[in-house]
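Trainee:
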Amino acid sequence: MSRSLKEKLATLAPARRAAIEAEADRLHEEYLKRDEQRTIDRPT
Numbered sequence: 011m012s013r014s015l016k017e018k019l020a021t022l023a024p025a026r027r028a029a030i031e032a033e034a035d036r037l038h039e040e041y042l043k044r045d046e047q048r049t050i051d052r053p054t
């Protein structure tokens with residue numbers, strides 16, 4: 011049986027886990043901003 015990403019993250023050292031979660035949050039924000047910009051720039 012494969013483990014979920016959350017299960018894998020739970021096995022990491024707290025500092026490493028926090029760094030990974032912070033980077034994931036940063037990338038998610040960047041994605042949302044770009045998606046919003048694409049919506050604004052799309053011709054109607």
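Heads up, the sequence shown is in this note's numbering, so the first residue is 11 and it goes up one at a time.
Backbone N, C-alpha and C define an ideal beta-carbon position, used for all residues, glycine too.
Can you give me the C-alpha to C-alpha distance between Arg26 and Asp45, rounded to a whole angstrom?
Mentor: On the sequence shown, position 16 is the one that residue 26 refers to. On the sequence shown, position 35 is the one that residue 45 refers to. Computed Cα separation, rounded: 29 Å.
Trainee: In this structure, does DSSP put Arg27 in helix, strand or coil?
Mentor: For the purposes of this step, residue 27 is taken as the residue at position 17 of the sequence shown. Arg27 falls in the helix class under three-state DSSP.
Trainee: Tell me the DSSP secondary structure of Thr49 in three-state form.
Mentor: What you label residue 49 is simply residue 39 of the sequence shown in a count that begins at 1. Looking at Thr49 - three-state DSSP - the assignment turns out to be helix.
Trainee: With DSSP as the reference, label Leu22 as helix, strand or coil.
Mentor: Taking the first residue of the sequence shown as position 1, residue 22 is located at position 12. Coil.
Trainee: Could you tell me the alpha carbon to alpha carbon distance between Glu22 and Ala29, rounded to whole angstroms?
Mentor: By one-based count along the sequence shown, residue 22 stands at place 12. By one-based count along the sequence shown, residue 29 stands at place 19. First, the residue type needs correcting, since residue 22 is Leu and not Glu in the sequence shown. Looking at the two C-alpha atoms, the distance is approximately 11 Å.
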